[in-house]
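Below is one structure, written out as structure tokens, with a few remarks after it.
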Amino acid sequence: KISNDMDKTFSIFIDFFKRANTTNEKIETKNMKFYEFKELAINANKMIDIKLQNEYEIESKNKEVLINLSLLNEYKKAVDASAIVSKTDKNGVITFANEKFCKISGFSKEELIGSKHSLVKHPDTKTEVYQELWKTILNKRVWKGVLKNRTKEGKTYYVKSTIVPILDLHSNIKEFIAIRYDISDLINQEKRIKLQTTDMLTNLPNRQKLLEDLEAKDGMILSVFNILRFKEVNEYFGFEIGDKLLLEVARKLYSLLNDSKLSLYKLQGDEFAILAHVNEIFLEDFKKKCFEIIKQIKVTKFEVEENILEVNLICGISSEKNYFINAEMAKNHAKLENKDIIVFDENREIKSNLIENINWTKKLKKALNEDRIVVFAQPIISNETNKIDKYECLVRMIDEDGTIISPFKFLNVAKKSKLYSVLTQKVIEKSFNYFKYKDVEFSINLSLEDILHKPTISFLEQMLNENKKAAQRFIVEIVEEEGIENYQEISDFIERLKYLGCKVAIDDFGTGYSNFEYLMKLNVDIVKIDGSMIKYINQDLNAKVVTELIVSFTKKLNIKTVAEFVHSEEIFEIVKDMGIDYSQGFYLGTPKAIE
Numbered sequence: 097k098i099s100n101d102m103d104k105t106f107s108i109f110i111d112f113f114k115r116a117n118t119t120n121e122k123i124e125t126k127n128m129k130f131y132e133f134k135e136l137a138i139n140a141n142k143m144i145d146i147k148l149q150n151e152y153e154i155e156s157k158n159k160e161v162l163i164n165l166s167l168l169n170e171y172k173k174a175v176d177a178s179a180i181v182s183k184t185d186k187n188g189v190i191t192f193a194n195e196k197f198c199k200i201s202g203f204s205k206e207e208l209i210g211s212k213h214s215l216v217k218h219p220d221t222k223t224e225v226y227q228e229l230w231k232t233i234l235n236k237r238v239w240k241g242v243l244k245n246r247t248k249e250g251k252t253y254y255v256k257s258t259i260v261p262i263l264d265l266h267s268n269i270k271e272f273i274a275i276r277y278d279i280s281d282l283i284n285q286e287k288r289i290k291l292q293t294t295d296m297l298t299n300l301p302n303r304q305k306l307l308e309d310l311e312a313k314d315g316m317i318l319s320v321f322n323i324l325r326f327k328e329v330n331e332y333f334g335f336e337i338g339d340k341l342l343l344e345v346a347r348k349l350y351s352l353l354n355d356s357k358l359s360l361y362k363l364q365g366d367e368f369a370i371l372a373h374v375n376e377i378f379l380e381d382f383k384k385k386c387f388e389i390i391k392q393i394k395v396t397k398f399e400v401e402e403n404i405l406e407v408n409l410i411c412g413i414s415s416e417k418n419y420f421i422n423a424e425m426a427k428n429h430a431k432l433e434n435k436d437i438i439v440f441d442e443n444r445e446i447k448s449n450l451i452e453n454i455n456w457t458k459k460l461k462k463a464l465n466e467d468r469i470v471v472f473a474q475p476i477i478s479n480e481t482n483k484i485d486k487y488e489c490l491v492r493m494i495d496e497d498g499t500i501i502s503p504f505k506f507l508n509v510a511k512k513s514k515l516y517s518v519l520t521q522k523v524i525e526k527s528f529n530y531f532k533y534k535d536v537e538f539s540i541n542l543s544l545e546d547i548l549h550k551p552t553i554s555f556l557e558q559m560l561n562e563n564k565k566a567a568q569r570f571i572v573e574i575v576e577e578e579g580i581e582n583y584q585e586i587s588d589f590i591e592r593l594k595y596l597g598c599k600v601a602i603d604d605f606g607t608g609y610s611n612f613e614y615l616m617k618l619n620v621d622i623v624k625i626d627g628s629m630i631k632y633i634n635q636d637l638n639a640k641v642v643t644e645l646i647v648s649f650t651k652k653l654n655i656k657t658v659a660e661f662v663h664s665e666e667i668f669e670i671v672k673d674m675g676i677d678y679s680q681g682f683y684l685g686t687p688k689a690i691e
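Counting from 97, one number per residue, gives the positions in the sequence shown under this note's numbering.
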């Protein structure tokens, strides 16, 4: 109202001025008193000041808007350069896609705009994920999550996504803006890490993960379970049934735990482990839980491919440091004493064994540091020519007083103290450094643990690539102390070695976990017949029959054979008459240091 009055007053003043100017007359107040005219002038000046001030403020705000628009444009450029950006209408139809979206998806802008995001949806993504996404954004809330997508060529990629509903002045949804970041490398790296710490058969954390978890925390309780007579299942039903039984046992154990305080692990062969923290469960309660697990497994009838199988467990428990070694020793004592469970600190003999193992671990570490781990080579004789055809490389430790120590004293300790891979790599390195200058085949023993240990195999492949001539004369002897659970990984390893020109042998075949299924599934070149049969082949008819069976079977598969533990001329003549290709033993040559 004041503004309107001022406008009227100002108009009157202007009219006065124009009329006086036109008629060349002086402005007179006539009926107006002087103070009224003065007030009119003051009001007019105020009005001019207000209008000028408004114009200045408008100009300042315009400048501010232009600056903000420029900044927004820079922000947009930054987001465009680093993120995958798209806009959709409220029905989910794409109305904008930036270059990064086109690049990662493989679709052009023309293909994306007008389509829905289902164009890049991976078929593995569950419907529930998108239902929850749409429910969130239609309720005008921001959705955040990771989506698995697929490119135009069918390749998988992962994006960390933020989807924001854009509202109009009436708070109605106008459109959606999605900002995504490619995290495929991160996801793939996590998968690789998980692969190294996850058992392939059961998808449970494996032995490596258990050792990492034990190192990360103090005050733990560990139990290690072993399936009794599991190798008989493998030998009688085959390894496929054995693997399926392990899977069923894993599922049953997992269902029996149903407690976030307890973590289940699948170790090598037929072993499982359960880990807990002393702050979350008392040792006595943990022991009761393990008894209950053994009891429940015992009464469960496991049906595997129409076979009803029974499972019995034994268990070793440790709540002291060196958990894994202690629990393993307690488990082994439980087996020897025919008990279901033994707790480590209840048995003095276990503690004395532990002290001995700790001492051997110290000796082994010192020997490695002082380069007292050496390689001995034992000759393998051709039964056709009676001449040395190849050598087997064997590890030895030289004690501080010069005594030669057999690997039987320290190999098991090495496996339980994370020194085993260091030991294997030392043997590989020294064997190659010596035999790369010799025109003869040589072999090294690798356990399943070695083959599944990526750094060890990477080191071996590096040595093979650096010594291509030696690779043509190199043989890997697979020492199978436990049942093979994942033939595919072993088979892939064998094929990689063969590609590099190497040969592969199965060591100690004929006893323990050995099965003719190996020879059909694994593309091996040589079978080394276990010395426990060869040693008494002149006295034990069963040993002779089994050996003849192995020789007959391998010849049909064009696999060469080696007789181990040939300790006399009589044994040597017998194995030659049986058609075995090579012989190895103290009668033919003892292991000697290569350095």
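Think of the CB as a built atom: it goes at the ideal place given N, C-alpha and C, for glycine as much as any other residue.
Computed from a predicted structure; not experimentally measured.
With H, G and I counted as helix, E and B as strand and the rest as coil, what does DSSP make of residue i?
| i | result |
| --- | --- |
| glycine 188 | coil |
| serine 243 | According to the sequence displayed, residue 243 carries leucine and not serine. Correct three-state label for leucine 243: strand. |
| tyrosine 487 | strand |
| tyrosine 530 | helix |
| arginine 492 | strand |
| glutamine 392 | helix |
| methionine 316 | strand |
| alanine 463 | helix |
| asparagine 541 | strand |
| lysine 97 | Low confidence applies here, because lysine 97 scores a pLDDT of 47, under 50, leaving its location unreliable and the question unanswered by this model. |
| histidine 429 | helix |
| tyrosine 152 | helix |
| aspartate 366 | coil |
| threonine 520 | helix |
| serine 502 | coil |
| histidine 549 | coil |
| aspartate 309 | helix |
| leucine 282 | helix |
| phenylalanine 276 | Checking the displayed sequence, the identity of residue 276 turns out to be arginine instead of phenylalanine. Three-state DSSP puts arginine 276 in a strand. |
| lysine 512 | helix |
| alanine 193 | strand |
| asparagine 434 | coil |
| threonine 457 | helix |
Please report the straight-line C-alpha distance between residue i and residue j, rounded to a whole angstrom.
| i | j | result |
| --- | --- | --- |
| glutamate 153 | alanine 193 | 38 Å |
| isoleucine 476 | lysine 565 | 20 Å |
| asparagine 541 | threonine 293 | 24 Å |
| phenylalanine 272 | glutamine 149 | 40 Å |
| alanine 639 | aspartate 220 | 54 Å |
| isoleucine 571 | valine 658 | 13 Å |
| leucine 460 | phenylalanine 506 | 7 Å |
| aspartate 185 | lysine 244 | 22 Å |
| leucine 52 | tryptophan 456 | Only positions 97 to 691 of the chain appear in the structure, and residue 52 is not among them; the question remains open. |
| leucine 645 | leucine 405 | 29 Å |
| isoleucine 209 | valine 216 | 13 Å |
| alanine 423 | phenylalanine 605 | 30 Å |
| alanine 426 | lysine 236 | 60 Å |
| serine 211 | tyrosine 419 | 58 Å |
| glutamate 596 | phenylalanine 538 | Looking at the sequence provided, one finds leucine at residue 596 rather than glutamate. Their Cα atoms are separated by approximately 15 Å. |
| threonine 247 | isoleucine 283 | 16 Å |
| aspartate 535 | valine 620 | 22 Å |
| isoleucine 138 | isoleucine 233 | 58 Å |
| isoleucine 454 | valine 641 | 43 Å |
What residues in its chain sit with their C-beta under 6 Å from that of residue i, if we drop five residues either side in the sequence?
| i | result |
| --- | --- |
| alanine 463 | Ile469, Met493 |
Ignore the nearest five residues each way along the sequence and tell me which others in residue i's own chain have a CB closer than 8 Å to its CB.
| i | result |
| --- | --- |
| glutamate 430 | First, the residue type needs correcting, since residue 430 is alanine and not glutamate in the sequence shown. Ile410, Cys411, Gly412, Asp436, Ile437, Ile438, listed in sequence order. |
| lysine 348 | Gln392, Ile393, Thr396, Phe398 |
| aspartate 636 | Met629 |
| tyrosine 533 | none |
In chain order, what residues of the same chain lie with their CB nearer than 7 Å to the CB of residue i, ignoring the 5 residues before and after it?
| i | result |
| --- | --- |
| lysine 205 | Ala193, Cys198 |
| alanine 179 | Lys196, Ile275, Arg276, Tyr277 |
| lysine 688 | Phe472, Ala473 |
| tyrosine 632 | Ala639 |
| tyrosine 614 | Ile602 |
Would a check of beta-carbon distances place residue i closer than 7 Å to chain D?
| i | result |
| --- | --- |
| lysine 631 | Of the protein chains in the structure, only one exists, and it is not chain D. |
| query | Would the segment 475 to 485 and the segment 670 to 678 be scored as touching if the rule is three or more Cβ pairs under 8 Å? | reply | yes
| query | Is there contact between the segment 284 to 303 and the segment 374 to 393, where contact requires at least three CB pairs shorter than 8 Å? | reply | no
| task | Report yes or no: do the segment 582 to 599 and the segment 626 to 638 share at least 3 C-beta pairs separated by less than 8 Å? | result | no
| query | Counting pairs of beta carbons, one from the segment 527 to 538 and one from the segment 495 to 514, are three or more of them closer than 8 Å? | reply | no
| query | Is it true that the segment 300 to 320 meets the segment 399 to 408, where meeting means three or more beta-carbon pairs spaced less than 8 Å apart? | reply | no
| task | Please specify which runs of the beta strand (DSSP E), each continuous and at least 3 residues long, are wholly inside the segment 558 to 629, giving them in chain order. | result | 570 to 575, 599 to 605, 622 to 625
| task | Could you name each continuous alpha helix (DSSP H) segment of 4 residues or more that falls completely within the segment 627 to 672, going from the start of the chain to the end? | result | 627 to 630, 637 to 652
| task | Give a yes or no on contact between the segment 324 to 332 and the segment 261 to 271, applying the rule of three or more CB pairs nearer than 8 Å. | result | no
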